[in-house]
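Here the structure is laid out as structure tokens; the discussion comes afterwards.
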Amino acid sequence: MEQWLIWLILVILLALIEVATINLTTIWFVVSGIIALIASLFIGNYIIQFGIFVIVGVILLITTKPFLTKFIKLHKVRTNVDRIIGMIGVVTEKISKNKDGEVKVDGKIWTAYADNTIKKGDLVKVLEIKGVKIKVEKEGNK
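Take a look at the structure:
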């Protein structure tokens with residue numbers, strides 16, 4: 003089998019993996035595979051071609067991944083529930099550090115926890131959602 007054909011098959015396989023994972027896992031080796039494919043047209047030694055493939059792939063990975071991941075943000079899919087983060091609610095059942103309480107936010111009752119004790123009737127701000135519970139802090143605390 004021709005060496006360039008081996009590189010072409012490898013590039014296609016790596017590209018398919020990249021498309022399937024969408025996490026920028028093999029894209030650098032797709033590029034280095036293309037360079038190795040081109041090199042195979044001029045250089046007959048497979049070891050040199052493989053060296054080009056590995057060295058170029060690693061250099062691309064090290065130099066471009068941090069740059070690309072900054073600009074290609076993998077967006078977190080927000081749900082309708084996420085919209086309550088930052089909203090103000092009312093404590094309907096006392097929350098203490100070691101015991102969950104309840105908070106009414108956006109017309110719904112949530113099981114809530116906090117780092118400090120919060121009395122019934124106090125206003126709280128929703129900080130995060132973990133499963134079916136919300137983390138809150140007393141409104142006005144920083």
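Oh and the sequence shown: position 8 is 10 in the working numbering, straight run, nothing missing. Ideal Cβ positions, reconstructed from N, Cα and C, are used throughout, including at glycine.
{"Asked": "Check whether residue 113 and residue 102 have beta carbons under 8 Å apart", "Found": "yes"}
{"Asked": "Enclosing alpha helix (DSSP H) for residue 43 [first to last residue]", "Found": "29 to 44"}
{"Asked": "Which of helix, strand or coil DSSP assigns to residue 106", "Found": "strand"}
{"Asked": "First and last residue of the uninterrupted beta strand (DSSP E) at residue 92", "Found": "90 to 95"}
{"Asked": "Counted within 10 angstroms of its Cβ, other Cβ atoms place residue 31 as buried (16 or more) or exposed", "Found": "buried"}
{"Asked": "Alpha-carbon spacing of residue 117 relative to residue 98, whole angstroms", "Found": "8 Å"}
{"Asked": "Inter-residue Cα distance where the pair is residue 67 and residue 18", "Found": "19 Å"}
{"Asked": "Where residue 129 sits in the DSSP three-state scheme", "Found": "strand"}
{"Asked": "Among 23, 36, 20, nearest to residue 10 - alpha-carbon criterion", "Found": "36"}
{"Asked": "For residue 111: DSSP bridge partner residues", "Found": "106"}
{"Asked": "Beta strand (DSSP E) segment containing residue 138, residue limits", "Found": "135 to 140"}
{"Asked": "Those residues which DSSP pairs with residue 101 across a bridge", "Found": "98"}
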